[in-house]
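**Student:** In the working numbering, the protein residues as written are 2 to 220.
We treat Cβ as the ideally placed atom computed from N, Cα and C, and that holds for glycine.
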Ligand code: ADP
Ligand code: AMP
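#1: Check residue 11 in the structure and name its three-state DSSP category.
#2: Count the CB pairs spanning the stretch 37-48 and the stretch 84-104 that are closer than 8 Å, and state whether there are at least three.
#3: With the cut-off set at 9 Å, would you say residue 122 and residue 170 are in Cβ contact?
#4: Could you tell me which residues DSSP puts in a beta bridge with residue 42?
#5: What is the rounded straight-line gap between the Cα of residue 105 and the Cα of residue 138?
#6: Near residue 219, which residues of its chain fall below 7 Å by C-beta distance, leaving aside the five closest residues on each side in sequence?
#7: Does the ligand ADP have even one heavy atom less than 8 Å from the beta-carbon of residue 22?
#8: Thinking C-alpha only, which one of 142, 66, 27 and 93 is nearest residue 76?
#9: The beta strand (DSSP E) spanning residue 131 covers which residue range?
#10: Would you be able to state if there are at least three C-beta pairs under 8 Å between the stretch 182-201 and the stretch 157-171?
#11: Leaving out the 5 sequence neighbours to the left and right, which residues in its chain are closer than 6 Å to residue 133 when beta-carbon positions are compared?
#12: When the distance is taken between beta carbons, is residue 34 closer than 9 Å to residue 163?
#13: Just to check my reading of the structure: residue 172 and residue 57 have Cβ atoms closer than 8 Å, yes? What is that Cβ distance to the nearest angstrom?
#14: Span of the alpha helix (DSSP H) holding residue 64?
#15: Output the distance between the C-alpha atoms of residue 210 and residue 62, rounded to the nearest integer angstrom.
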């Protein structure tokens, strides 16, 4: 089973992808994480990628398509994957279908997590992740059960992303509306788009997604 989760920054894509990964044994492919790793390498291309992330702008389609095409060829993806942050443009959406077809694979589900723009800044400003295992938290909406201790791995160090500030979030949101939201009709017209209410609690959104994945599996 292969799927992608779409939605603006802060919609809950990473949060839900981590849960789906655990429940369904799929591989989580976060293009944001891959790019942050590339940026940390400090190669010429890594530095360019880092500058785009810091500015809240999208990395070029050619880089992204090559990155995903290469990654989904790895053996671990044969058990199924969740794309988190890809596709983000029409060009990426079309290329994804083509590359999957070439590899004899397909995208089984496209899930849109919809939320209102007004709550995005609060979601993003409060985000933090465990350094050791990457588990995502929120200061207010999803703090660790024991203060400053990761629920999943017991880690005690947390990190906030440099691009998770109000100014850059607004640019990222603009990029979403200008470049990513236009891909929704591509999937809707082909009857492939399923929507969940990203304003609901994290547990509730998880249930809505599970209903889609389980419902279709038995249908
Ligand atoms: P995305 O990957 O779409 O950018 P995240 O999954 O990282 O978003 O979520 C952004 C922040 O909002 C995180 O701090 C997360 O804990 C929190 N969050 C995610 N889903 C919800 C929700 N349904 N209700 C409240 N907070 C949420
Ligand atoms: P994310 O972790 O999904 O919030 O992504 C962080 C940043 O990585 C974005 O603001 C973009 O600069 C870049 N990025 C992630 N995925 C893509 C993509 N599919 N296409 C272009 N840029 C991307």
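**Tutor:** So, from the data block:
#1: coil
#2: no
#3: yes
#4: The bridge partners DSSP lists for residue 42 come to none.
#5: Cα to Cα, residue 105 sits roughly 36 Å from residue 138.
#6: Below a pLDDT of 50, predicted positions are generally treated as unreliable, and residue 219, at 40, falls in that range; the measurement from the model is reported next regardless. Result list for residue 219: empty, nothing under 7 Å.
#7: Outside the cutoff, so no.
#8: 27
#9: 128-131
#10: no
#11: Hits under 6 Å: 154 and 156.
#12: Against a cut-off of 9 Å, the Cβ pair of residue 34 and residue 163 comes out as no contact.
#13: 3 Å
#14: Looking at the DSSP string, the run of the alpha helix (DSSP H) that includes residue 64 is 62-72.
#15: 28 Å
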